[in-house]
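The numbers in my numbering rise by one with no breaks, and the one at position 217 of the sequence shown is 379.
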Amino acid sequence: MKTVLTGIKPTGEIHLGNYLGMVQQLSDLQEKHKSFLMIANLHAQTVPYNPKELTDLTFELVSSLIALGIKPQKTTIFLQSDNPYHPYLSWILGCLTYLGELQRMHEFKEQSERYKKEGVGSGILMYPVLMAADILLYNADLVPVGEDQRQHLELTREIARRFNNRFGKIFKIPEALIPKETYKIMSLSNPLKKMSKSLPEGCLEIFAPEKEIEEKIMKAITDSGKEIKYDPQNKPGISNLMIIYKYLTGKTLAEIENEFQNVSYVDFKKEIVKAFLEHFSQARALKRKIKKKDVLEILKAGKEKAIKTSTPLIEKIKKITGLKV
């Protein structure tokens, strides 16, 4: 049995892209592997945030994950901030990480440009080191990540090798687990950009009110012409809607093209609304039943399991790095 670890920041409600890119994958992995799901609230502090909102979003996120099929009895769900060994190990690994490596990270470059006027915090620079600590602390074999996180995971692997060469073989070298399916869910308002919380008008949140879901789908950008045909280059809007419908129904793109011959874009969108609400009906009903006390109990158990799992490794690290006398 291998160890799987992934994390998600509590910075907004889960949208369709999150679900298909990470949540669905983890719900399958938890059935055959030892799984850890970290609520990455320390990572959420790397950009300006509202403390109360962070707390509220954390509860929302955990209840959403459970409603969508993450089972606390099979996956250890815990707060990153509840295990003090995360920042502890991050310091040790940071001392082995070169400044140039961190400055080359795409995320650092992007956020530095975005917050050029306000000034970018050092947390953005050190983000990949904390991510390395998150992964290596549990000696994860597999790390489900999106393509945008591949660079960070490669740095994690390099840091692990560097530590092992200097102090002895302690860490496993984790492997990236990137979904084989290469389709991306794009923004409903801009099909040339990935669906993201930063583009709220085009972000399809799974637990949003039905009216909001319907409005966003019906307002989704389409293309010139009337044909419902998969052609990402010439028809990115309708192609994105076809991908969404494909995942919601399990139908192939060819089947969708055949089903909606001579059907208007408006009627196609109505079918997507229907398929979306039907696909997530059980999850939406379950989430309404999850109470705050349920989330607190799950996070308490997760905290205990996370600390218990990581303590032996930290004790070894203290000893071989000279920190334990």
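Glycine is no exception: its CB is placed at the ideal position from the N, C-alpha and C atoms.
Once you ignore the five residues that flank Leu448 on each side, which residues in its own chain have a CB closer than 6 Å to its CB?
-> Closer than 6 Å at Cβ, skipping near neighbours: Ala229.
Where Thr414 falls, given that 16 or more other Cβ within 10 Å makes a residue buried | Thr414 is exposed by the Cβ-count criterion.
Does the Cβ-Cβ distance between Ile239 and Gly387 come in under 7 Å?
-> No, Cβ-Cβ distance for Ile239 and Gly387 is not below 7 Å.
Straight-line CA distance for Lys426 to Pro336?
-> Note that residue 426 corresponds to Ser in the displayed sequence, not to Lys. Roughly 48 Å separates the two Cα atoms.
What separation, rounded to the nearest whole angstrom, lies between the Cα atoms of Lys164 and Phe430?
-> Cα to Cα, Lys164 sits roughly 42 Å from Phe430.
Let me know the secondary structure DSSP gives Lys194 once reduced to three states.
-> Lys194 falls in the coil class under three-state DSSP.
Residue ranges of each beta strand (DSSP E) run of no fewer than 3 residues wholly in the stretch 368 to 446, ordered along the chain?
-> Within the stretch 368 to 446, no run of beta strand (DSSP E) at least 3 residues long lies entirely inside it.
Jot down the residue ranges of each uninterrupted beta strand (DSSP E) in the stretch 293 to 317, minimum 3 residues, whole runs only, in chain order.
-> With a minimum length of 3 residues, the continuous beta strand (DSSP E) runs that stay inside the stretch 293 to 317 are 304 to 306.
Can you tell me the Cα-Cα spacing of Ser197 and Glu175, whole angstroms?
-> Each residue's Cα considered, the two are about 22 Å apart.
In chain order, what residues of the same chain have a beta carbon less than 7 Å from the beta carbon of Lys233, not counting five sequence neighbours either side?
-> Close CB contacts of Lys233 within its chain, under the 7 Å cut and outside five residues either way in sequence, are with Gln192 (chain order).
Buried or exposed: which applies to Val428, given that a residue is buried once 16 or more other Cβ atoms fall within 10 Å of its Cβ?
-> That one is exposed.
Taking only runs of the beta strand (DSSP E) that begin and end inside the stretch 199 to 263, which ones reach a length of at least 3 residues, in chain order?
-> 237 to 241, all fully within the stretch 199 to 263.
In the DSSP assignment, find the unbroken alpha helix (DSSP H) run with Thr471 in it and report its ends.
-> From DSSP, the alpha helix (DSSP H) with Thr471 extends over Lys454 to Ile482.
Under 7 Å between the Cβ atoms of Val435 and Glu374?
-> Against a cut-off of 7 Å, the Cβ pair of Glu374 and Val435 comes out as no contact.
If you pair each beta-carbon of the stretch 277 to 294 with each one of the stretch 260 to 268, do three or more pairs fall below 8 Å?
-> With the rule of 3 Cβ pairs closer than 8 Å, the stretch 277 to 294 counts as touching the stretch 260 to 268.
CB contact below 7 Å: Asp385 versus chain C = Of the protein chains in the structure, only one exists, and it is not chain C.
Work out the CA separation of Glu215 and Lys451 for me, nearest whole Å.
-> Using only the alpha carbons, I get a separation of about 22 Å.
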